[in-house]
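First up is the structure itself, then whatever we jot down about it.
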């Protein structure tokens with residue numbers, strides 16, 4: 002998340018999570034973003050992120 006786009010995107014996602022939990026304070030489960038540098042291979046990064054929940 003060193004690029005400007007990455008920083009803005011992460012900031013937006015964090016704000017969205019904060020807004021969601023502010024309007025739903027009774028939710029006990031919390032999401033945490035685990036970020037990793039794609040090293041420029043965006044297809045592999047997207048593939049790894051979308052298939053990890055299937056294992």
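Numbering (this note's numbering), first residue to last: 2 to 56.
C-beta: ideal position from N, C-alpha, C; glycine also.
- Bounds of the alpha helix (DSSP H) holding residue 21 are 5-24.
- Contact between residue 34 and residue 14 holds: CB atoms are separated by about 6 Å, below the 8 Å threshold.
- Judged by their CB atoms, residue 11 and residue 30 are not nearer to each other than the 8 Å cut-off.
- If you draw a straight line from the Cα of residue 25 to the Cα of residue 9, it comes to about 24 Å.
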